[in-house]
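Chains as they are written, first to last, in my numbering: chain A, 2 to 327; chain B, -10 to 495.
Virtual Cβ for every residue (Gly too), placed ideally from N, Cα, C.
Structure below.
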């Protein structure tokens, strides 16, 4: 037991207690939380900073506004409904289209048709606060549904894969791609069964994947190899996530981005308590990289400079060639 | 910097908590374990005499320094007499006085003592006794004996032993025989010995007391010999010369003065009776502390009304539950619903006992979850749905109670004490997790809550711990310090070792 702990310490693995006590509590003051916990505010701040975000179609903040839902989406074939203060991807509904025959039947990412009534109920649950972090009243955001870049087509089962970048004091330090699976119901959250794949910071090429804390080489549904995929616009992704620090002022931040086929990388949301599974996906610990940033930290660098520094500092060892058993 | 404050604060809290604890334990004698009863002896002296025509004054030697025993209380029962305690040459004296009394009189003096090995003889070092004036032919006998004994001894102790052995010899030499010719009682014998020791310039005195054991009427005073070796008082058995003190020997008074002095009366006699009772150690410690004016006791929980005490006995265990919770969550890393919900469930287990508690909890949550999923189909808004779940939980409790009563199981009745709001919240949280993250996560967290609750219950139910915290609430400061230190624990959680084990394989 102590041996395992020692080994983990040696590779610089960051534990929950250490993350909470040393980084989140120190670098993320409580008063800044609304900036990331309320996705409406995040969107506003990101837009003001000139970052690309998925377009907002409408906000439903009150129970009686649920009836406006049909009006909000009447001009959009696909859209996403999400709670503004949701956590861990709970309560997100992805509508990719409508029934051909009935306009008030909506098709979800999984292909299931649901009625407008059911969506209304879902929205009132969101507004009632079922998915919010504190159980308080919440807002439902209805926004642009990302048409993800075909580069990920083989590596996701429905849903939208996204890129998660951990940003420490403004420096991107680790990244992974989160690939939805059948088990995750099209959601890109690891604890819901999505596959996470580590990313080489210097090149933007994927490393091995992780599923439920175990290392996997292939996508469980499509069978495609996970490693060796070049993520497009990697420079831009790193710079945008570095900019997330200026927007939120949170010193320990997770930036989630999606890559739209038409619009390029968009900031989906930011997270003040990003999970630790990214370390398994990258097969290395966060603590080592945090320590390196503390060494080279210098105030006043621009996001582009910080992104460049991160690319230089954190190049992962090349993926060892896979042994294919006969 | 921050870290250091936590350490300093934790050290401070521990120091305060532990020092109060040690003071109460070591100095005031609060017991560490429950139901610790100490024997307490009550010695009663009944003084009877016939009153004379004028004013009456009675003086009785009462215990002053009592090695091995500590006084719990003392009092006197005497109708119409003025009572006073004074210091005389031989120690404390009780004094009764009355202007006029008729017929035969009885006065009682009662003292309660308990054993306390820390009470020691703290008498001052006596001066060398003056050479006694002894008439011939006694003087020659004493001188010869003392010279001879001195020859055969090394120090005060061996001198006394040697002397006592010679004096107790069944076939005494003529000198001893001469000296013991006037001796009628054990007390007289010890008196002679002290005189002889005095002529050898050894401070010695007679002590008289009782061997406390069970219940005694007409208890006999046992004379003993005290000899000072320049450092401390030694005790000798006057019959054998052994340096020893009988078990539970309670010293009543010292010196060769009479026990009782009576002025204005006649036919005085003193009758001692001894009784043994058992008193809770806590009560003794409290009395002891009150006598010493210790502030700590003013805040003792034992001074509260019994009903309030019962409430606090439970409340004070909540920090233990919280500590368990912190360890389970932050050190072991078990998933559970809510922060303190498991502790509250553990409190509820106190009423139902563990086995039934776990069964009832599982039953209620399972039934509640089923109904919650049925409610889900109705598409109720959040707050009405929560309220509906709450009402269903209350109905379920009612149902379970009635059913178990019908089948003659009274345990079911105590289900009503389960915190139903907590159960309703558990059901709601669990169903949300169930929907969002699947049955596995929901059941794991539910099971985790139950495990934490069971561990918390077991730790909170430890009788010795409950007694310890109740008697020494200052220990909660130590628990606070531990919790604060755990709050700065940044090591891995046990479950993380499993979670990240892939990374440790290399």
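Between residue i and residue j, is the Cβ-Cβ spacing less than 7 Å?
{"i": "residue 252 of chain A", "j": "residue 28 of chain A", "result": "yes"}
{"i": "residue 41 of chain B", "j": "residue 254 of chain B", "result": "yes"}
{"i": "residue 84 of chain A", "j": "residue 132 of chain A", "result": "yes"}
{"i": "residue 259 of chain A", "j": "residue 267 of chain A", "result": "yes"}
{"i": "residue 131 of chain B", "j": "residue 185 of chain B", "result": "yes"}
{"i": "residue 479 of chain B", "j": "residue 19 of chain A", "result": "yes"}
{"i": "residue 383 of chain B", "j": "residue 409 of chain B", "result": "yes"}
{"i": "residue 169 of chain B", "j": "residue 230 of chain B", "result": "no"}
{"i": "residue 44 of chain A", "j": "residue 54 of chain A", "result": "yes"}
{"i": "residue 200 of chain A", "j": "residue 209 of chain A", "result": "no"}
{"i": "residue 129 of chain A", "j": "residue 370 of chain B", "result": "yes"}
{"i": "residue 40 of chain A", "j": "residue 270 of chain A", "result": "yes"}
{"i": "residue 481 of chain B", "j": "residue 13 of chain A", "result": "no"}
{"i": "residue 219 of chain A", "j": "residue 304 of chain A", "result": "no"}
{"i": "residue 353 of chain A", "j": "residue 59 of chain A", "result": "As shown, chain A starts at 2 and ends at 327. That puts residue 353 of chain A outside it, with no answer to give."}
{"i": "residue 422 of chain B", "j": "residue 431 of chain B", "result": "yes"}
{"i": "residue 197 of chain A", "j": "residue 170 of chain A", "result": "no"}
{"i": "residue 64 of chain B", "j": "residue 99 of chain B", "result": "yes"}
{"i": "residue 30 of chain B", "j": "residue 201 of chain B", "result": "yes"}
Please classify residue i as buried or exposed, where buried requires at least 16 neighbouring CB atoms within 10 angstroms.
{"i": "residue 3 of chain A", "result": "exposed"}
{"i": "residue 23 of chain A", "result": "buried"}
{"i": "residue 146 of chain A", "result": "buried"}
{"i": "residue 65 of chain A", "result": "exposed"}
{"i": "residue 102 of chain B", "result": "buried"}
{"i": "residue 66 of chain B", "result": "exposed"}
{"i": "residue 487 of chain B", "result": "exposed"}
{"i": "residue 316 of chain B", "result": "buried"}
{"i": "residue 19 of chain B", "result": "buried"}
{"i": "residue 140 of chain A", "result": "buried"}
{"i": "residue 74 of chain A", "result": "buried"}
{"i": "residue 437 of chain B", "result": "buried"}
{"i": "residue 128 of chain B", "result": "exposed"}
{"i": "residue 278 of chain A", "result": "buried"}
{"i": "residue 117 of chain B", "result": "exposed"}
How many angstroms separate the CA atom of residue i from the CA atom of residue j?
{"i": "residue 249 of chain B", "j": "residue 465 of chain B", "result": "53 Å"}
{"i": "residue 51 of chain B", "j": "residue 69 of chain B", "result": "20 Å"}
{"i": "residue 298 of chain B", "j": "residue 452 of chain B", "result": "15 Å"}
{"i": "residue 260 of chain B", "j": "residue 165 of chain B", "result": "33 Å"}
{"i": "residue 246 of chain A", "j": "residue 33 of chain A", "result": "11 Å"}
{"i": "residue 84 of chain B", "j": "residue 60 of chain B", "result": "19 Å"}
{"i": "residue 51 of chain A", "j": "residue 307 of chain A", "result": "18 Å"}
{"i": "residue 323 of chain A", "j": "residue 339 of chain B", "result": "Model confidence at residue 323 of chain A stands at a pLDDT of 45, short of 50, so the residue's coordinates are unreliable and nothing is read from them."}
{"i": "residue 195 of chain A", "j": "residue 160 of chain A", "result": "10 Å"}
{"i": "residue 165 of chain A", "j": "residue 124 of chain A", "result": "27 Å"}
{"i": "residue 297 of chain A", "j": "residue 424 of chain B", "result": "45 Å"}
{"i": "residue 311 of chain A", "j": "residue 191 of chain A", "result": "24 Å"}
{"i": "residue 86 of chain A", "j": "residue 11 of chain B", "result": "51 Å"}
{"i": "residue 294 of chain A", "j": "residue 173 of chain A", "result": "9 Å"}
{"i": "residue 14 of chain B", "j": "residue 275 of chain B", "result": "11 Å"}
{"i": "residue 397 of chain B", "j": "residue 311 of chain B", "result": "36 Å"}
{"i": "residue 34 of chain B", "j": "residue 341 of chain B", "result": "53 Å"}
{"i": "residue 221 of chain B", "j": "residue 239 of chain B", "result": "18 Å"}
{"i": "residue 295 of chain B", "j": "residue 8 of chain B", "result": "27 Å"}
{"i": "residue 140 of chain B", "j": "residue 121 of chain B", "result": "21 Å"}
{"i": "residue 393 of chain B", "j": "residue 346 of chain B", "result": "14 Å"}
{"i": "residue 379 of chain B", "j": "residue 416 of chain B", "result": "9 Å"}
{"i": "residue 468 of chain B", "j": "residue 306 of chain B", "result": "11 Å"}
Between residue i and residue j, which are expected to be in contact by the criterion C-beta below 8 Å, what is the C-beta distance as a whole number of angstroms?
{"i": "residue 123 of chain B", "j": "residue 44 of chain B", "result": "Going by Cβ atoms, the distance from residue 123 of chain B to residue 44 of chain B rounds to 39 Å, so no, they are not a contact pair."}
{"i": "residue 97 of chain A", "j": "residue 79 of chain A", "result": "5 Å"}
{"i": "residue 314 of chain B", "j": "residue 303 of chain B", "result": "Actually they do not touch by this definition, with Cβ atoms about 16 Å apart."}
{"i": "residue 315 of chain A", "j": "residue 202 of chain A", "result": "4 Å"}
{"i": "residue 356 of chain B", "j": "residue 385 of chain B", "result": "5 Å"}
{"i": "residue 1 of chain A", "j": "residue 95 of chain A", "result": "Here chain A has residues from 2 to 327 only, and residue 1 of chain A is not among them."}
For this session: Go through the segment 172 to 251 of chain A residue by residue and report every complete run of the beta strand (DSSP E) that reaches 3 residues or more, in order.
Result: 172 to 180, 196 to 200, 207 to 212 and 215 to 217
Exercise. In the segment 47 to 80 of chain B, which residue ranges form an unbroken beta strand (DSSP E) of at least 3 residues, counting only runs that do not cross its ends?
Worked result: 58 to 66 and 71 to 77
For this session: Let me know the alpha helix (DSSP H) ranges lying completely inside the segment 68 to 114 of chain A, each 4 residues or longer, listed in chain order.
Result: 70 to 74
Problem set entry | Start-end ranges of the beta strand (DSSP E) lying completely within the segment 76 to 137 of chain B, minimum 3 residues | 80 to 87 and 93 to 104
For this session: Taking only runs that begin and end inside the segment 409 to 481 of chain B, name each unbroken alpha helix (DSSP H) of 4 or more residues, in chain order.
Result: 409 to 449, 452 to 460 and 464 to 476
Problem set entry | Continuous beta strand (DSSP E) assignments of at least 3 residues falling wholly in the segment 195 to 229 of chain B | 211 to 217 and 222 to 225
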